[in-house]
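Colleague:
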Amino acid sequence: MSIPYAIQANNIAKTVTSGHQTLTILEALDLAVAVGERLAIVGTSGSGKSSLLALLAGLDVPSAGTITLLGRDLAGLDEDARAAWRAGRVGFVFQSFQLLDGLSAQENVMLALELAGTARPAARERAATLLADVGLTARAGHTPRQLSGGEQQRVALARAFACQPDLLFADEPTGNLDRATGEQVIERLFAMNTAHGTTLVLVTHDDTLAARCDRCLRLVDGRLVADHA
Ligand SMILES: Nc1ncnc2c1ncn2[C@@H]1O[C@H](COP(=O)(O)OP(=O)(O)OP(=O)(O)O)[C@@H](O)[C@H]1O
Ligand SMILES: [Mg+2]
Numbered sequence: 003m004s005i006p007y008a009i010q011a012n013n014i015a016k017t018v019t020s021g022h023q024t025l026t027i028l029e030a031l032d033l034a035v036a037v038g039e040r041l042a043i044v045g046t047s048g049s050g051k052s053s054l055l056a057l058l059a060g061l062d063v064p065s066a067g068t069i070t071l072l073g074r075d076l077a078g079l080d081e082d083a084r085a086a087w088r089a090g091r092v093g094f095v096f097q098s099f100q101l102l103d104g105l106s107a108q109e110n111v112m113l114a115l116e117l118a119g120t121a122r123p124a125a126r127e128r129a130a131t132l133l134a135d136v137g138l139t140a141r142a143g144h145t146p147r148q149l150s151g152g153e154q155q156r157v158a159l160a161r162a163f164a165c166q167p168d169l170l171f172a173d174e175p176t177g178n179l180d181r182a183t184g185e186q187v188i189e190r191l192f193a194m195n196t197a198h199g200t201t202l203v204l205v206t207h208d209d210t211l212a213a214r215c216d217r218c219l220r221l222v223d224g225r226l227v228a229d230h231a
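Residue numbering for the sequence shown follows my numbering, starting at 3 and increasing by one per position.
1) Please report how far the alpha carbon of Q155 lies from the alpha carbon of Q186, in whole angstroms.
2) For the candidate residues C165, L101, L115, whose alpha-carbon lies nearest to that of V92?
3) Span of the beta strand (DSSP E) holding V222?
4) By how many angstroms is the C-alpha of T176 removed from the C-alpha of A182?
5) Considering only heavy atoms of ligand 2, does any lie closer than 8 angstroms to the CB of S52?
6) Are L76 and R84 touching if we call contact CB-CB under 9 angstroms?
7) Is G93 helix, strand or coil by DSSP?
8) So, are the CB atoms of A129 and A160 less than 9 angstroms apart?
9) From this set, S53, D229, L202, which residue's C-alpha is nearest L219's C-alpha?
10) Determine, using beta carbons only, whether L204 and C215 come nearer to each other than 9 angstroms.
11) Between which two residues does the alpha helix (DSSP H) containing A56 stretch?
12) Is V44 near ligand 2, with its Cβ less than 8 angstroms from a heavy atom?
13) Is S49 near ligand 1, going by C-beta to nearest heavy atom under 8 angstroms?
14) Cα separation between T19 and I27?
15) Using only alpha-carbon positions, find the residue among N12, G184, T139, F171 that is nearest to P64.
16) Quick check on the burial criterion: 16 or more other C-beta atoms within 10 angstroms. Buried or exposed for A197?
17) How is A158 classed by DSSP in three states: helix, strand or coil?
18) At what residue ranges does the stretch 175–202 contain a whole run of the alpha helix (DSSP H), taking only runs of 4 or more?
Dropping the structure here:
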C-alpha cells in the first residue's frame, strides 16, 4: 500500500498553561507533507517551530486536531505505541541534540541501530562509518560533554541517519555549524532524500537550506503560511 502523505495535520491547536496563564502556541494549523517532499519551516524565535515538530513526530500531543504520521493516525496511540511506530521510520535531530551523556559518540549512534534491531558488531561498524561521514572519526570515543556544540550536532545527525528513516525531522540542523560543515550536512540530508526518498521536514534559519527545499512555510501567529522570502 502506498501512502500519499508522510504527514497530514488537520486543525491542530497547542495551548500550554503556566501558572494562571494559558498560552496558545499553535492554532487551526493544517499541513500536508507529500512522501519524499523536502519542506522547510521558518519563523521567528518563539513562533512555535520546535513545538510543531514535536507534535508532528508524535513526541507531544496536540490540544486539538488530528495528526497522521506515515499513514497512522496518532490519536489513540499512547506514548509507547507512538515510539514503536516511529522506531526505524522516523529520525529526529533535536535543537538540544538529546545525546546520552553516559555513552560515547559511537555508542550513541550504535544505540539507535541496536534499538532498530541491528546486532552489536554490525552496529559498531556502521556507527563508525556514519561518524566518519560527518567528520568525527577522531571523536568517536568522546562523550557528549567532551564535544563542542557543533560536534554534538553532528553526532545527532549521524544517529538520525543511522536507520535510514522514511521521514526525518531536523530542528536547525546547521544552526551550530560553520559554513563548510553545514554544507556537508545539507549534502548528506539531500543525498538521503535522493537515494531513499526520505521525506525531510527541516526547521531552519539558513536561507541556503530553505532555498534547496521544495517548499518553505513560515509559522506566523500559530499558523503556517507560504514563505516568499
Ligand atoms: N511547555 C511549555 N510551557 C510554556 N510555554 C511553552 C512550553 N513550550 C513552549 N512554550 C512557549 O511556546 C513558544 C514556542 O516555543 P518553541 O520552542 O516552539 O519556539 P521556536 O519557534 O522553536 O523558537 P526558537 O527559534 O527560539 O527555537 C515560546 O514562546 C515558548 O516559550
Ligand atoms: Mg526551536
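We put the beta carbon where it would ideally sit given N, CA and C, even for glycine.
Modeller: So, to answer that:
1) Counting only the Cα atoms, Q186 lies some 13 angstroms from Q155.
2) Looking at the Cα atoms, C165 is the closest of the given residues.
3) Residue range 217–222 is occupied by the beta strand (DSSP E) that includes V222.
4) Pairing A182 with T176, the inter-Cα distance amounts to about 10 angstroms.
5) S52 has its Cβ nearer than 8 angstroms to a heavy atom of ligand 2.
6) R84 is positioned such that its CB atom lies closer than 9 angstroms to that of L76.
7) In the structure shown, G93 falls within a strand segment according to DSSP collapsed to helix, strand and coil.
8) With contacts defined as CB atoms closer than 9 angstroms, A129 and A160 qualify as a contacting pair.
9) Considering only S53, D229, L202, the residue with the shortest C-alpha distance to L219 is D229.
10) Contact: yes.
11) Here the alpha helix (DSSP H) through A56 covers 51–58.
12) Relative to ligand 2, V44 has its C-beta separated by 8 angstroms or more from all heavy atoms.
13) Remark: the shortest separation between the CB of S49 and any heavy atom of ligand 1 falls under 8 angstroms.
14) About 10 angstroms.
15) Looking at N12, G184, T139, F171, the one whose alpha-carbon comes closest to that of P64 is N12.
16) Exposed, since its Cβ has fewer than 16 Cβ neighbours within 10 Å.
17) For A158, the secondary structure class from DSSP, reduced to helix, strand or coil, is helix.
18) Fully enclosed alpha helix (DSSP H) runs of 4 or longer: 181–198.
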